[in-house]
Each structure stands twice: as C-alpha cells, then as structure tokens.
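Student:
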Amino acid sequence: MLGPALARYLARHNIHYGWAMAAVTFLVMLSTAGAMGSAGVLIKPLETEFGWSNAEISMALAIRLCLFGLLGPFAASFMNHFGVRQVVSTALILILAGIAASFYMTELWHLVALWGVVLGVGTGMTALVLGATIATRWFDMRRGLVVGLMTASNATGQLVFQPLLASLTETIGWRSALTLVIVVLTAAFALVLLFMQDRPSDLGLAPYGGKQVVPAPARAQNFGALLMAPIRALGDAAKTNTFWVLFATFFVCGFSTNGLIQTHWVSICGDVGIAAVGAASFLALIGLFDLIGTVGSGWLSDRYDNRWLLFWFYGLRGLSLMFLPFSGFNIYTLSLFAVFYGLDWVATVPPTVKLAAERFGPERAALVFGWIFAGHQLGAASAAFLAGASRTSLETYTPALLAAGALCVVAALLVLTIGRRQPSGLAAQPA
Numbered sequence: 073m074l075g076p077a078l079a080r081y082l083a084r085h086n087i088h089y090g091w092a093m094a095a096v097t098f099l100v101m102l103s104t105a106g107a108m109g110s111a112g113v114l115i116k117p118l119e120t121e122f123g124w125s126n127a128e129i130s131m132a133l134a135i136r137l138c139l140f141g142l143l144g145p146f147a148a149s150f151m152n153h154f155g156v157r158q159v160v161s162t163a164l165i166l167i168l169a170g171i172a173a174s175f176y177m178t179e180l181w182h183l184v185a186l187w188g189v190v191l192g193v194g195t196g197m198t199a200l201v202l203g204a205t206i207a208t209r210w211f212d213m214r215r216g217l218v219v220g221l222m223t224a225s226n227a228t229g230q231l232v233f234q235p236l237l238a239s240l241t242e243t244i245g246w247r248s249a250l251t252l253v254i255v256v257l258t259a260a261f262a263l264v265l266l267f268m269q270d271r272p273s274d275l276g277l278a279p280y281g282g283k284q285v286v287p288a289p290a291r292a293q294n295f296g297a298l299l300m301a302p303i304r305a306l307g308d309a310a311k312t313n314t315f316w317v318l319f320a321t322f323f324v325c326g327f328s329t330n331g332l333i334q335t336h337w338v339s340i341c342g343d344v345g346i347a348a349v350g351a352a353s354f355l356a357l358i359g360l361f362d363l364i365g366t367v368g369s370g371w372l373s374d375r376y377d378n379r380w381l382l383f384w385f386y387g388l389r390g391l392s393l394m395f396l397p398f399s400g401f402n403i404y405t406l407s408l409f410a411v412f413y414g415l416d417w418v419a420t421v422p423p424t425v426k427l428a429a430e431r432f433g434p435e436r437a438a439l440v441f442g443w444i445f446a447g448h449q450l451g452a453a454s455a456a457f458l459a460g461a462s463r464t465s466l467e468t469y470t471p472a473l474l475a476a477g478a479l480c481v482v483a484a485l486l487v488l489t490i491g492r493r494q495p496s497g498l499a500a501q502p503a
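Every letter in the sequence shown is one number past the one before it in the numbering used here, and letter 35, counting from 1, is 107.
1. For LEU277, which option in GLY387, LEU381, GLU121, ASP212 has the closest C-alpha, if you only look at C-alpha atoms?
2. Answer with buried or exposed for GLN334, where buried requires no fewer than 16 other C-beta atoms within 10 angstroms of its C-beta.
3. Check this for me: beta carbons of LEU183 and ILE129, under 8 Å apart or not?
4. Apply the 10 Å Cβ neighbour rule to PRO24 and answer buried if 16 or more other Cβ atoms are within range, or exposed otherwise.
5. Please work out which residues of its chain come closer than 8 Å, Cβ to Cβ, to THR464, disregarding the five sequence neighbours upstream and downstream, and give them in chain order.
6. Could you check whether ALA147 and LEU133 sit closer than 8 Å to each other, using their CB atoms as the reference points?
7. By the DSSP assignment, the alpha helix (DSSP H) with PHE152 in it spans what residues?
8. Secondary structure at THR312, three-state DSSP: helix, strand or coil?
9. Quick one: what's VAL280 bridged to in DSSP?
10. DSSP three-state call for ASN330: helix, strand or coil?
11. Return the first residue and the last residue of the alpha helix (DSSP H) that ARG389 is part of.
12. Would you kindly report the start and end of the unbroken alpha helix (DSSP H) that includes THR366?
13. Kindly list the residues whose CB is nearer than 6 Å to the CB of LEU181, restricted to its own chain and excluding five residues on each side of it in sequence; keep chain order.
14. Which residue from THR489, SER399, ALA437 puts its Cα closest to that of ARG36?
15. Which residue's Cα is closest to the Cα of PHE398: VAL255, PRO76, PRO471?
16. Can you tell which of SER392, PRO423, ASN402 has the C-alpha that lies nearest to the C-alpha of VAL411?
17. Output yes or no for whether 8 Å exceeds the beta carbon distance between LEU202 and ALA94.
18. Count the other C-beta atoms from every protein chain shown that fall within 10 angstroms of the C-beta of PHE175, then say buried if there are 16 or more, exposed otherwise.
19. Closer than 7 Å by C-beta to LEU488: which residues in its own chain qualify, once you throw out the five before and the five after it? Chain order, please.
20. Does the segment 253-263 come into contact with the segment 365-375, if we say contact requires no fewer than three beta-carbon pairs (one atom in each stretch) closer than 8 Å?
21. Taking DSSP as the reference, what is the three-state secondary structure of THR464?
22. From GLU179 to GLU121, what does the alpha carbon distance come to, in whole angstroms?
23. Can you tell which of THR258, ALA224, ALA259, TRP210 has the C-alpha that lies nearest to the C-alpha of GLN284?
24. Residues in its own chain within less than 6 Å of HIS88 by CB, not counting five upstream and five downstream?
25. Can you give the beta carbon distance from ILE167 to GLY188, rounded, assuming they're within the 8 Å contact cut?
26. Measuring straight from C-alpha to C-alpha, what distance separates LEU408 and ASP362?
27. Determine the DSSP secondary structure at ASP274, reduced to helix, strand or coil.
28. Helix or strand or just coil, what does DSSP make of GLU119?
29. Where do the N-terminal and C-terminal ends of the alpha helix (DSSP H) with THR251 fall, by residue?
Here it is as structure tokens:
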C-alpha cells in the first residue's frame, strides 16, 4: 500500500492527503456509476435477445435500485467497523463478479439475481454514502465542495458512459460493451488497494482545515451491535421532522432522476424515433452539465441557506420534466432540456448532506444520510418499475414524466417546512 509514502510526498508540497482520498473516491464512484448507468442501454438488447418485456426487465433494475439505497446505512456502519478500504474492495469484487456472470445468463431470474441482487449490493456499498463518509471524515473545511465533487462523479459516471456503451452495444453486442466497464472497475480496484486509507488519524493527520487529530471511535464488539448502529440512528432521527422532510424530498429526487430518466431515457427517445446512440449522447450532455451544476451546488451549499437551494433545485427540475413530453423531441428542445435539467440532475445532494450534518452531527451524519439516501433509491426503484409498467400498458412514458414533475414541485414546497439551523445533534424539531 503506497498511501503513507504518497502522504509524505504531498506533505512536502503542502497538500493534504484528504485531496488524494477525494481523488481516489471520485474515480471509484465514477467507475461504479458506470456499472449502474450501463443498465439503461440493456433494456432494448435484452428485449430483443430474450423476449423479456420492458416491465420484467424494469423489475430487476428496480430491485437493484432498492438494494443500492437500502444498503447505504449498513455500508456506513460497515465502513466504521471494518474500514473504508476493506468495504470498497469487497464491493468492487461483487460488482465485477456480477457483470462477468451476466454474460452467461439465459433466464429472467438470472437477470434478477445478478443485475438486481449482486449489483444492487455491490453498488450499494459504494454509493453516495461513501462520498459522504470521506467528506465528513477527511474535511472540516470545503466539505460541501467535496460532497459536490463526489456526487458529480456518481451521477456523471452513470450518464457519460452510456453513449460509448450504446455505440459498442450496437456494433459489437452488449456483452462486449460491458467488458469496458469491467476494465474500468479493475483499474479502480487497483487504486483502492494502493492508496485508500480509512481515517486521517491513520496517517497522523487532522482533517483538512482541522486543528487536532481525531482518533477513531471505539468499534462495536460484536456483529449484532454493528448491525444495530444504523437501526438506532434511524430510531433517533425518525423522531424529527427534518429527517422525514429530507427522506421524502430525496424519494422525489430518486424518482425524478435515476429511476426515470437514467433508466428509461433511451427507451423514451426510442419511442419518438431517436436511435440509442443519439439518445445516450443527450444523456452525456446532461452528465456534462450535471458536473458543473453539482460542483456549483457544493460551492453554494457552503455559503447559502441550503433550504432555499433545495427549493429552487426541485422546483426547476419539476418544470423541466413537465416540459419534456410537449417539447417535440427535436435537437433544439432536447438540447435545452439536457442543459437545464443537467444543471439540476443531482444538485440536491450537497445541500441535503449539509443539512443532515448540521442537524444530526458529524458522527452520525453518514448513518442518517444513509437512510435518507435509502429514500432516494426507493423513489428511483418506484419510478423504474412504474415507468416500465406505464410504457408496457399505456404505450407511453408521458404519465410518468408528468407525475415526476409534479412531485418535484411538491418537494420544493415541502423542504421549506424545515426550520432554521439548530445546534448539531439530534435536537431538531420533533415530528
């Protein structure tokens, strides 16, 4: 492991090792996001090769999204107990195994087991909770900016990989296209083994911007206590109005992004005659502007009232989704949608993480955010399944798009019910 040597080298150049951790985590989340995003280009090829319906394939992808979110709180607990490096390494092995095994699937239950369960568990342990954990452990200053970068890597990776994978799928087949994802994941695995550290104190460092070395908290003595830590955090957080507002609005966030647009975008565009490569190219444009918007959101979240940021982000996203079905789907309106919607794709994450850290304290922030993120993925799973069912039964995605837009408007209003900042800890207003 080369982490200590790199830390000494960076220290000689006045660079905190936290930035190296942020870079490695960025690349890990980018690669695992590519695995998540690749599912969007599989729907049509799997329908053609195996005769499975959109609704059946969407069911498997919905299970993946559910597990992706529900593993978050426990992933945070596992990272606290076993260490970040061990948990992330295990997760990457699971994802690699799931993708490689899917090359040989022939039955629908194979898809459910591999792309639903195995990839759901693997990606769930490297989701946004990983970025939140690194940001809260390694940074006292610039935490919002780091969360923005991590969030951007996760969302942008899911979108930017799609045009290339769509092109490769059309020319050489979906199995060969997924080989690219395996190569990228293998490179990320090597970086984790070489450079990832658990805490700043492992290198004798204070967090970036901090004054004192923070020792690692005592670990749970048994596995039962380890599993109960997220449950206890949920029990305490659930007594507050703030938690339920963040959970509900993040449900809407997942419904209106990962579950709907990321999963079904290629099919939405296919219904109006746009080829998969062209549709995925618009997703890449969304991903490019998401990078700008999410990093900008992180910068803003360090400076402005995060409640009002969320109000504008949800409201503007809702308007863009309600505009889409009536846009005509020409190159000009789709480009406008991609820019406008892309700037807001997951700009909601940095303010949500900041609010969770402020209201529930830095020690429990990752666990509580894990449950909030579970709401995000339950929303994503709901949209993935319901949109597929809508397309199968009604032969249109319009109801799903309008419903997502309306929910975003409701979320924009709901977030304003959170009171002004209170002292850290679980002393937020009771539900």
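Where is the CB? At the ideal position from N, CA and C, for every residue including glycine.
Tutor: On the basis of the coordinates in this document:
1. Mapped onto the sequence shown, residue 277 falls at position 205. Of the candidates GLY387, LEU381, GLU121, ASP212, the one whose C-alpha sits nearest the C-alpha of LEU277 is ASP212.
2. Along the sequence shown, read from residue 1 onward, the residue named residue 334 stands at position 262. Classification for GLN334: buried.
3. The residue labelled residue 183 in the question sits at position 111 within the sequence shown. The residue labelled residue 129 in the question sits at position 57 within the sequence shown. Yes, the pair counts as a contact, with Cβ atoms nearer than the cut-off.
4. Nothing in the structure corresponds to residue 24, since the chain is present only between 73 and 503.
5. Taking the sequence shown and counting its residues from 1, the one referred to as residue 464 is at position 392. If you ignore the 5 residues before and after THR464, its C-beta comes within less than 8 Å of the C-beta of SER125, ASN126, ALA127, all in its own chain and listed in chain order.
6. Here the question's residue 133 lines up with position 61 in the sequence shown. Here the question's residue 147 lines up with position 75 in the sequence shown. Between LEU133 and ALA147, the C-beta gap is not smaller than 8 Å, which leaves the two residues out of contact.
7. As a working mapping, residue 152 is identified with position 80 in the sequence shown. The question names Phe, but residue 152 in the sequence shown is Asn. From DSSP, the alpha helix (DSSP H) with ASN152 extends over 126-154.
8. Residue mapping note: residue 312 aligns to position 240 of the sequence shown, counting from 1. In this structure, THR312 counts as strand in the three-state DSSP scheme.
9. The count along the sequence shown starts at 1 and reaches residue 280 at position 208. First, the amino acid is wrong: residue 280 is Tyr here, not Val. Paired residue(s): PHE211.
10. Start at 1 with the first residue of the sequence shown, and residue 330 comes out as number 258. Of the three classes helix, strand and coil, the one that applies to ASN330 here is helix, per DSSP.
11. Locating residue 389 in the sequence shown gives position 317, counting from the first residue. 378-395 is the extent of the alpha helix (DSSP H) around ARG389.
12. Counting from one through the sequence shown, the residue named residue 366 turns up at place 294. Taken as a continuous stretch (DSSP letters only), the alpha helix (DSSP H) holding THR366 covers 348-373.
13. The sequence position of residue 181 within the sequence shown is 109, counting from 1. Correcting the residue type first, residue 181 is Trp in the shown sequence and not Leu. Excluding residues within five positions, none has a Cβ falling inside 6 Å.
14. Outside the modelled stretch of the chain, which goes from 73 to 503, sits residue 36, for which no answer is possible.
15. Walking along the sequence shown from the start, residue 398 turns up at place 326. Among VAL255, PRO76, PRO471, the Cα nearest to that of PHE398 belongs to PRO471.
16. As a first step, residue 411 must be located in the sequence shown, where it is residue number 339. Taking VAL411 as reference, the option from SER392, PRO423, ASN402 with the minimal CA-CA separation is SER392.
17. Position 130 of the sequence shown, counting from 1, holds the residue named residue 202. Position 22 of the sequence shown, counting from 1, holds the residue named residue 94. Contact: no.
18. Taking the first residue of the sequence shown as position 1, residue 175 is located at position 103. Around the CB of PHE175, fewer than 16 other CB atoms lie within 10 Å, so the residue is classed as exposed.
19. Taking the first residue of the sequence shown as 1, we reach residue 488 at position 416. Cβ within range, chain order: ARG379, PHE383.
20. No: the two stretches stay apart, fewer than three of their Cβ pairs being nearer than 8 Å.
21. Here the question's residue 464 lines up with position 392 in the sequence shown. THR464: helix per DSSP, three-state reduction.
22. For the purposes of this step, residue 179 is taken as the residue at position 107 of the sequence shown. For the purposes of this step, residue 121 is taken as the residue at position 49 of the sequence shown. Using only the alpha carbons, I get a separation of about 11 Å.
23. Your numbering for residue 284 matches position 212 in the sequence shown. Closest by alpha carbon: TRP210.
24. Here the question's residue 88 lines up with position 16 in the sequence shown. The answer, listed in chain order, is TYR280.
25. In the sequence shown, counting from the first residue as 1, residue 167 sits at position 95. In the sequence shown, counting from the first residue as 1, residue 188 sits at position 116. No, ILE167 and GLY188 are not in contact; Cβ-Cβ is about 13 Å, not under 8 Å.
26. In the sequence shown, counting from the first residue as 1, residue 408 sits at position 336. In the sequence shown, counting from the first residue as 1, residue 362 sits at position 290. Answer to the nearest angstrom: the Cα atoms are 14 Å apart.
27. Within the sequence shown, residue 274 is the residue found at index 202, counting from 1. Reduced to three states, the DSSP call for ASP274 is helix.
28. By one-based count along the sequence shown, residue 119 stands at place 47. In this structure, GLU119 counts as helix in the three-state DSSP scheme.
29. Residue 251 sits at position 179 when you count from the first residue of the sequence shown. From DSSP, the alpha helix (DSSP H) with THR251 extends over 246-267.
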